[in-house]
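Q: Note that the working numbering gives residue 129 to position 124 of the sequence shown, counting from 1, and the numbers run on in steps of one.
All residues carry an ideal CB built from backbone N, CA and C; glycine is no exception.
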Amino acid sequence: MNALVVAAALSLSAVTLPASADNAAPVSSVAAVGTIAGSAPDAPFVPALDAIAATLRDRFHVAYAEARTIAHAVQAESERYGLAPALLLAIIAVESSFDRHAVSGAGARGLMQVLPASHRDLVSHVKDLSDPATNVRIGAAIFRGYLDDEDGDVEAALVRYNGGTKRYAQRVVLRVQQFDAQLRRTAGNPSGEPRAADNP
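1) With a Cβ-Cβ cutoff of 9 Å, do GLU155 and VAL178 count as a contact?
2) What residue from SER101, VAL181, ILE143 and ARG190 has the CA that sits closest to PRO90's CA?
3) Quick check: is any heavy atom of the ligand SAM less than 8 Å from the C-beta of LEU61?
4) May I ask which residues mark the beginning and end of the alpha helix (DSSP H) holding ASP158?
5) Please report the residue range of the alpha helix (DSSP H) in which SER102 lies.
6) Run through DSSP, which three-state label would VAL51 get?
7) With the cut-off set at 9 Å, would you say LEU163 and ILE96 are in Cβ contact?
8) State the beta-bridge partners of ARG114 as determined by DSSP.
9) Hey, out of ARG64, ARG149, SER109 and GLN118, whose CA is closest to ASP136's CA?
10) Please list the segments of the alpha helix (DSSP H) lying wholly inside the stretch 159-195, counting only runs of 4 or more residues, in order along the chain.
11) Excluding the 5 residues preceding and the 5 following ALA146 in the sequence, name in chain order all residues of the same chain whose CB lies nearer than 7 Å to its CB.
12) Report yes if the CB atom of ASN140 is closer than 9 Å to the CB atom of GLY112, and no otherwise.
13) Please work out which residues of its chain come closer than 6 Å, Cβ to Cβ, to ASN167, disregarding the five sequence neighbours upstream and downstream, and give them in chain order.
14) Could you give the residue range of the alpha helix (DSSP H) that holds VAL79?
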């Protein structure tokens, strides 16, 4: 795939979101998502692993080692599939709140709530969907496939991913905005070392 395309380059113009808990203004698109390739003049901020891990610790109380494991998986698959880290993090936050052992009533599993019954071709040889690297790889592949099928319509791809409604897509888009802002703040002082609370 030549262009690493993600949400802002695509059609979310019809999505209007409420203000966030952080008093962010309503948005109609997610400029934070942009393109990852770096060739575009408005290429988005791409966070370092430490910034992602620190954000997960601070906002979601994910333990230090787990935060770095998830951050590594997100970085790897965002690059592989041309999806901004903030977008993958937003999907994970809404789907599982970063609980790798999350299981839905329908049987969806792991960080990105992969549903084995719907994606047998991708999970047939997978032993453990709770593994972050495996789960994020499969979840990103599923979303990338939906995005391509929908000709780059992120809202439609998100609705298909969740099997839900436009409200789900709006929640994810709002999370993208929040993650981008938080990651930019954290990048100034990512603190790659464990906090005292992580080492009792």
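A: The short version:
1) no
2) VAL181
3) Because no ligand of any kind appears in the structure shown, any question about the ligand SAM cannot be addressed here.
4) Element bounds for ASP158: n/a, residue is neither H nor E.
5) Counting along the chain, SER102 falls outside any alpha helix (DSSP H), and DSSP gives it neither H nor E.
6) It is coil, neither helix nor strand.
7) yes
8) VAL108 and VAL119
9) GLN118
10) The stretch 159-195 contains these whole alpha helix (DSSP H) runs: 159-167 and 171-192.
11) TYR86 and LEU127
12) no
13) Closer than 6 Å at the Cβ level, and outside the excluded window around ASN167, lie TYR173.
14) 69-86
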